[in-house]
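The structure appears right after this line, and notes come after that.
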Amino acid sequence: MTRTTRRGLLAAGAGAGLALAGCGSQEEEPPPDAELLAPSLAAALALADAYENAGGRLGEALAAREREHAERLREAGAGEGAPVPEAPDGPPLQAALALEQAAMRAHVHAAGLVRAPAARALGAELLADAARHTVQLRERLGREALTTAFPDGRDDA
Amino acid sequence: MPERRTRSEPPVGGARLTRRAALAAAAAGAAGLPVAAPARARGASEGEALTELIRAEEDAVFVYSEARLQGTAALAPQDTQHAKALASHLEALGMPVPGPTRGRDDLAPEALAVLEATGDRERRKAAMDYERSLIAGCLQRLPRLEEPNTVRTVATVMASHAQHLVLHELISRG
Numbered sequence: 007m008t009r010t011t012r013r014g015l016l017a018a019g020a021g022a023g024l025a026l027a028g029c030g031s032q033e034e035e036p037p038p039d040a041e042l043l044a045p046s047l048a049a050a051l052a053l054a055d056a057y058e059n060a061g062g063r064l065g066e067a068l069a070a071r072e073r074e075h076a077e078r079l080r081e082a083g084a085g086e087g088a089p090v091p092e093a094p095d096g097p098p099l100q101a102a103l104a105l106e107q108a109a110m111r112a113h114v115h116a117a118g119l120v121r122a123p124a125a126r127a128l129g130a131e132l133l134a135d136a137a138r139h140t141v142q143l144r145e146r147l148g149r150e151a152l153t154t155a156f157p158d159g160r161d162d163a
Numbered sequence: 301m302p303e304r305r306t307r308s309e310p311p312v313g314g315a316r317l318t319r320r321a322a323l324a325a326a327a328a329g330a331a332g333l334p335v336a337a338p339a340r341a342r343g344a345s346e347g348e349a350l351t352e353l354i355r356a357e358e359d360a361v362f363v364y365s366e367a368r369l370q371g372t373a374a375l376a377p378q379d380t381q382h383a384k385a386l387a388s389h390l391e392a393l394g395m396p397v398p399g400p401t402r403g404r405d406d407l408a409p410e411a412l413a414v415l416e417a418t419g420d421r422e423r424r425k426a427a428m429d430y431e432r433s434l435i436a437g438c439l440q441r442l443p444r445l446e447e448p449n450t451v452r453t454v455a456t457v458m459a460s461h462a463q464h465l466v467l468h469e470l471i472s473r474g
């Protein structure tokens with residue numbers, strides 16, 4: 007089922023902020039919130055495992071944080087069984103950074119489409135928390151802390 | 301996002317829109333598009349929220365340009381990008397875009413506190429409080445947004461301020 011709205015025609019790209027006036031677009035009816043939140047839950051669980059494997063104070067702290075994310079997502083009705091994002095081979099924190107990027111993509115997608123206001127807020131809060139984690143990881147990896155003004159998981163890990 | 305003081309200056313160069321004018325324009329359906337009244341009301345709320353968020357980002361540009369905190373050279377340019385991205389959504393609603401902040405007079409207390417803090421440590425602490433207020437401002441306005449891409453832009457702006465906050469925290473820890 008699709009519908010076209012006035013402002014769908016003027017939809018601006020998330021993050022890039024580019025107005026697409028004149029380019030017709032169609033908005034598909036989004037799936038249920040449980041389905042939209044499911045990738046966020048899968049990412050949080052994968053991150054909890056990755057941080058537990060990484061160990062250390064930072065790993066333990068962030069693993070606990072991700073378990074908390076998973077709990078909040080379940081309370082919000084997130085579905086189980088979404089594909090688990092794959093962590094690349096390499097140092098644990100590097101793998102975790104790639105997973106955080108995947109989590110951010112899941113969170114920002116869900117935040118834009120979920121219907122329940124609380125679920126929208128949750129998606130945005132999880133996105134913000136994942137963005138914080140990427141700065142902490144980049145600092146540990148000796149990389150530049152801020153790589154984009156719109157952290158949505160699409161910038162280079 | 302902190303409540304702003306009432307702006308007293310006239311629009312600068314025809315671009316700066318007072319909060320009152322923005323609200324009036326929104327209420328009057330300034331977009332001039334043939335939309336149903338309930339839709340116009342919803343758009344007005346979204347437009348008002350976007351106007352407030354743009355003002356906050358313009359304030360942040362001013363604050364970080366003036367504060368010259370060590371290690372934060374990227375923050376003002378990023379806040380400028382935030383303002384521009386939010387402005388594209390506001391323009392899509394047919395509403396005028398606020399211009400840049402030009403002085404301290406209308407800054408919210410959290411913003412002014414960064415500039416009035418004495419010493420690096422106090423200024424850093426004030427900047428962390430300021431970033432928390434910017435994050436809260438984005439979160440509070442999410443329920444007033446309608447378009448998925450607008451929600452995503454605001455969510456990523458909020459995430460960016462979360463990154464600014466942790467950057468301040470890391471620098472303060474040395």
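Protein chains in written order, with the numbering used here: chain A, 7 to 163; chain B, 301 to 474. Ideal Cβ positions, reconstructed from N, Cα and C, are used throughout, including at glycine.
(message) Taking 6 Å as the limit between beta carbons, can you name the residues of its chain near Ala122/A, skipping five residues before and five after?
(response) Cβ within range, chain order: Asp39.
(message) I want to see whether chain B comes within less than 8 Å of Glu145/A, judged by CB atoms only; does it?
(response) Taking Cβ atoms only, chain B reaches closer than 8 Å to Glu145/A, which makes this a yes.
(request) Figure out for me which residue from Ala116/A, Arg160/A, Gly159/A and Ala125/A has the closest Cα to the Cα of Asn449/B. (result) Residue Ala116/A is the option with its Cα nearest to Asn449/B.
(request) Starting from the beta carbon of Asp158/A, find every residue of chain B whose beta carbon is closer than 9 Å, and list them in chain order. (result) Neighbours of Asp158/A in chain B, taken as residues whose beta carbon is under 9 Å from its own, are Arg452, Ala455, Thr456 and Ala459 in chain order.
(request) Count the C-beta pairs between the region 150–161 of chain A and the region 83–103 of chain A that are closer than 8 Å, then say yes if the count reaches three, no if not. (result) Contact fails: fewer than three Cβ-Cβ distances are below 8 Å.
(request) Might you give, ordered along the chain, the residues of its own chain that have their beta carbon closer than 8 Å to the beta carbon of Val457/B, omitting 5 neighbours on each side? (result) Beyond the five residues adjoining it in sequence on each side, Val457/B comes within less than 8 Å, by CB distance, of Leu353, Glu357, His382, Ala385, Leu386 and Cys438 in the same chain, given in chain order.
(message) Among Gln142/A, Asp161/A, Arg160/A and Pro157/A, whose alpha-carbon lies nearest the alpha-carbon of Arg63/A?
(response) The shortest C-alpha separation from Arg63/A is found at Gln142/A.
(request) List the whole-angstrom C-beta distance separating Leu47/A from Glu86/A, where the pair is believed to meet the contact cut-off of C-beta under 8 Å. (result) Taking 8 Å as the upper bound for CB-CB distance, Leu47/A and Glu86/A are in contact here, some 7 Å apart.
(message) Our contact map puts Ala82/A next to Leu133/A with C-beta atoms below 8 Å; I'd like the distance itself, whole angstroms only.
(response) Not quite, the Cβ-Cβ distance comes to about 14 Å (not below 8 Å), so this is no contact.
(request) Drop a sphere of 10 angstroms on the beta-carbon of Thr140/A, count the other beta-carbons inside from all chains shown, and report buried for 16 or more, exposed for fewer. (result) Thr140/A counts as buried, since at least 16 other C-beta atoms from the protein chains shown sit within 10 angstroms of its C-beta.
(message) Only counting the same chain, and skipping five residues up and downstream in sequence, which positions put a Cβ closer than 6 Å to that of Ser472/B?
(response) Here the set comprises Arg424.
(request) Starting from the beta carbon of Gly62/A, find every residue of chain B whose beta carbon is closer than 8 Å, and list them in chain order. (result) Going along chain B, no residue has its Cβ under 8 Å from Gly62/A, so there is no contact; the nearest lies around 16 Å.
(request) Taking only beta-carbon positions, decide if Gln463/B is within less than 8 Å of chain C. (result) The chain inventory of the structure shown lacks chain C, comprising the protein chains A and B.
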